[in-house]
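Participant:
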Amino acid sequence: MGLFSTKNPKTVTDTEFSWKDNKIKITDRYVESSGLINFVRVPKKHIETVTYEIKTGKVAMSVDISLIGKGVVLGTIAVGIDLKEEVQDWLLEKLNLF
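Counting with the numbering used here, you get residues 35 to 132 for the letters of the sequence shown.
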């Protein structure tokens, strides 16, 4: 199954990045993810940077976006390998971390 389809296309706004049935939303106080990927809710004020990690394995490759504060991973969001840099850049920009 492809990452994109006409039924659930990718949507990017100032407060939301969504694809398929997955969504990352930035509210006044939190960064939240929901959908098939996972569920994460991290207070914005604690996030200092956003990184990604590609994990390769025998079965499949996965990419996790990490929300980091004070040197600690506060939460991770699973994304597709083709979206890793776009999601990272979007989060860094919208959280004013560039």
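Glycine is no exception: its CB is placed at the ideal position from the N, C-alpha and C atoms.
These numbers were taken from a predicted model, which means no experiment stands behind them.
1. Taking the straight line between their C-alpha atoms, what separation do you get for I60 and E50?
2. What residues match up with L101 in a beta bridge as DSSP calls it?
3. Alpha carbon to alpha carbon, how far is T83 from P77?
4. Sort out for me which residues DSSP pairs T134 with in a bridge.
5. For the beta strand (DSSP E) that V74 lies in, which residues bound it at each end?
Facilitator: Inspection of the coordinates gives the following:
1. Position 26 of the sequence shown holds residue 60. Position 16 of the sequence shown holds residue 50. Rounded to the nearest angstrom, the two C-alpha atoms are 6 Å apart.
2. Counted from its first residue, the sequence shown places residue 101 at position 67. Bridge partners of L101: V84 and G109.
3. Position 49 of the sequence shown, counted from the first residue, corresponds to residue 83. Position 43 of the sequence shown, counted from the first residue, corresponds to residue 77. If you draw a straight line from the Cα of T83 to the Cα of P77, it is about 13 Å long.
4. Not covered by the structure: residue 134. The range shown for the chain is 35 to 132.
5. For the purposes of this step, residue 74 is taken as residue 40 along the sequence shown, with counting starting at 1. For V74, the enclosing beta strand (DSSP E) has its first and last residue at V74 to P77.
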